[in-house]
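Here our numbering runs 12 ahead of the position in the sequence shown, where the first position is 1.
All residues carry an ideal CB built from backbone N, CA and C; glycine is no exception.
Here the structure is a predicted model, which is why all the values come from computation and not from measurement.
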Amino acid sequence: MSAAVSGGQEPSISTGNPGLSVKDVNQLIMEFLMFMMRAIVLCYPVYLTGSLGLSISWILLSMLMWTMWKNNRRWKDQRIDTAIDFLENEKDVISTELKAMNMPAWIHFADVEKAAWINKILQQAWPFFGMYMEKLLIENIQPSVRSSSPHLKTFTFTKVHMGQKAPTITGVRVYTHELETREVILDLNITYEADVDIDADVKPAIKVGVKGLQLQGMLRVILEPLIGQAPLVGGVTMFFIRRPALQVNWTGMTNLLDGPGLSHLSESAIVDIIASLMVLPNRMCFPLIDQVKVDQMKFPLPRGVVRVHVLEARDLVAKDTYMMGLVKGKSDPYTVLRVGNKQFKTKTIKETLNPRWNEVYEFVIHEAPGQELEVKLYDEDTDADDFLGSCSPSSVFEFQWFTLEDIETGQIHMKLQWFSLHTNPALLQEVSLYFLHYNSVDDLDTVLDEHEKKSSLGKLTLPLVRLLNVSDMTMDQRFLLERSGANSQIKMKAVLRVSEDLFSCSERGSDTYVRMYLLPDQTWKHRKRTSVKKKTVNPVFNETFEFAVSMEEARTRKLDVAVKNNKMLHKRERKEIGMVLIDMSEMDLIKGFTEWYELTLPGLKKTN
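Pasting the structure below:
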């Protein structure tokens, strides 16, 4: 570096590079001043110690205390950061640690949590529940039974004891992230092995009773809507997602019901009564504030419709035998499909192990995740039908063979389609069914009595075209009955909602965007999101995102893609439009791929 002065010009600095600007020079001066100030601050204690004649050990002690404080502060910050990261990714952290420890495959992170504290509360309160049930049976149920038939006028409960064993909740699963911010869903796995002892006299010589029962099922509890005032929850809804399993030990004359064939019929009748009260689509609803109406809680719009194609089966087990079992024949198979309280049965194909049905059925899905499709195959016989296997498909697929469980051999060929719900008739491509919810019926008791006599009290025909021409495709009003009295009416709410297209969150379309995670990374910094496309059900994004992982690691990951609605201020509109989970191990990541995926609600997966 050289400096020169000539011609009365101010000196300039030459370095072979472009000259420094005034801003750079000022920055260098400020950095130099800050360095001098830090040096003075650090050296002044040394000078002060020397001027006061103190030992150098004071300097060393001060430096040691400073170092210890700084390290402690750094460790504390690290612990806080680790704790926050653990709370955000608890499942991933535990799963990673289990893999590092080479633990057995059966040790995994359970989605269901224990609820020991709830069981302690139930056990403590159970004697008081028994007192309530005794009062209910004697004061309410007993008069109802007596008035139901002239032959039961002397019906009397002689003993009511609910036992010492309270129901046990073996697990609790809470849904929050999959839902709107104004509701909480809890799934309770309930097991009740009761030591109940209830006796009754129908007539002086006829005694009936129950001594012990077993009940197992999953009870869903919905707290909705969450509000900003006491009691914080607007209402509570309870129902069984599937029909519970029940076993009853009868006493007295009803002990005959424990015989072969009768036991199943009696228990099925009781389960049918439970199902009519609180198995989907039936619900028990308890509004806690005046603004929440029972009919709104009891009849919410379903999530969608599942269409099930039952095509064929193969390699079934031969259940029919001849010559005292020495010669095996074939089977007469049929299939039973069940979702919640709804059941369908296919036709029976005679004498074959490879039946073809080619039948189609539809189920209205009220809860997703939650409801499951149960498929069971039977061999039709004159006495008791033989079991041929079962399966429970958990995903939406095109065509797939399912291996039957709980049987030696057998497969069933099915196809499942998901239909979302829509409010815009212009987007309605194919209407496959309609469903009606009854709010109230005038003279309900009379209707039931006449139904037993198989005589009609009236008829209502509602053309579907009327629903297409009204707002929100919903009619909630009183309708005049045909072939009835002059003023006979029925109060009914009719709703039309079936479509295969993208779920539109409002009549004007959706403000759509796509959110992506490369699982198991689900933190905010690993989140990818597209721009928002306004008021459309056919958005086009054309955006590219990159995840910083190796090719080998990417093959072990799954891509979580969710299509969402950006209208955050509209609480009535669904935020989740649909989602799909893509398994990267099944894709050609080198060549790349372009494919259409069917969006489903949270809890339903799309597979090919």
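- Counting only residues of its own chain and dropping the five nearest sequence neighbours on each side, residue 573 has a CB closer than 6 angstroms to the CB of 528, 592.
- Residue 165: not part of any beta strand (DSSP E); DSSP gives it neither H nor E.
- Residue 41 counts as exposed, since fewer than 16 other C-beta atoms from the protein chains shown sit within 10 angstroms of its C-beta.
- Taking 8 angstroms as the upper bound for CB-CB distance, residue 427 and residue 323 are in contact here, some 7 angstroms apart.
- The C-beta distance from residue 179 to residue 204 rounds to 4 angstroms, short enough to fall under 8 angstroms.
- In this chain, the alpha helix (DSSP H) harbouring residue 58 covers 34-63.
- Beta-bridge analysis with DSSP links residue 491 to 502.
- If you look at residue 265, you'll find it isn't in any beta strand (DSSP E); DSSP assigns it neither H nor E.
- Contact between the stretch 239-257 and the stretch 297-307 is present: 3 or more CB-CB pairs across the two stretches fall below 8 angstroms.
- Between the C-alpha atoms of residue 501 and residue 474 there is a straight-line separation of about 14 angstroms.
- Straight through space, the alpha carbons of residue 43 and residue 196 are spaced by roughly 56 angstroms.
- When the alpha-carbon of residue 366 is set against those of 283, 588, 325, the nearest one is in 325.
- With respect to residue 175, residue 209 sits close: the two C-beta atoms are nearer than 8 angstroms.
- Cβ neighbours of residue 397 within its own chain (closer than 7 angstroms, five residues either side excluded): 390, 391.
- Rounded to whole angstroms, the separation of the alpha carbons of residue 320 and residue 387 is 11 angstroms.
- By the Cβ criterion, the stretch 211-221 is not in contact with the stretch 306-321, since fewer than three pairs of Cβ atoms, one from each stretch, lie closer than 8 angstroms.
- Contact between residue 198 and residue 233 holds: CB atoms are separated by about 5 angstroms, below the 8 angstroms threshold.
- For residue 158, there is no enclosing beta strand (DSSP E); the residue is part of the alpha helix (DSSP H) that begins and ends at 154-160.
- Contact between residue 227 and residue 258 holds: CB atoms are separated by about 5 angstroms, below the 8 angstroms threshold.
- In the three-state reduction of the DSSP assignment, residue 258 falls in the strand class.
- Short of 7 angstroms from the beta carbon of residue 256, and not among the five residues preceding or following it, lie these beta carbons of its own chain, in chain order: 227, 228, 229, 283, 286.
- Taking residue 167 as the centre and dropping the five residues before and after it, the same chain places the C-beta of 157, 158, 214 closer than 6 angstroms to its C-beta, in chain order.
- When only Cα atoms are considered, residue 69 and residue 565 end up about 55 angstroms apart.
- Between the beta-carbon of residue 594 and that of residue 571 there is about 4 angstroms, and that keeps the pair under the 8 angstroms contact cut.
- Secondary structure of residue 83 (DSSP, three-state): helix.
- Residue 563 counts as exposed, since fewer than 16 other beta carbons sit within 10 angstroms of its beta carbon.
- Where residue 375 is concerned, the enclosing beta strand (DSSP E) starts and stops at 368-377.
- With a threshold of 16 other beta carbon atoms within 10 Å, residue 341 falls short and is exposed.
- Counting along the chain, the unbroken beta strand (DSSP E) around residue 591 starts and ends at 588-595.
- Nearest Cα to residue 525 within the set 536, 533, 490, 552: 552.
- When the beta-carbon positions are compared, residue 207 and residue 177 come within less than 8 angstroms of each other.
- Measuring C-alpha to C-alpha distances from residue 264 to each of 301, 217, 182, 239 identifies 217 as the nearest.
- For residue 188, same chain residues with a beta-carbon under 7 angstroms away, outside a window of 5 residues either side, are 196 in chain order.
- The alpha-carbon of residue 261 is positioned some 19 angstroms away from that of residue 142.
- In this model, residue 343 and residue 395 are separated by some 14 angstroms (Cα to Cα).
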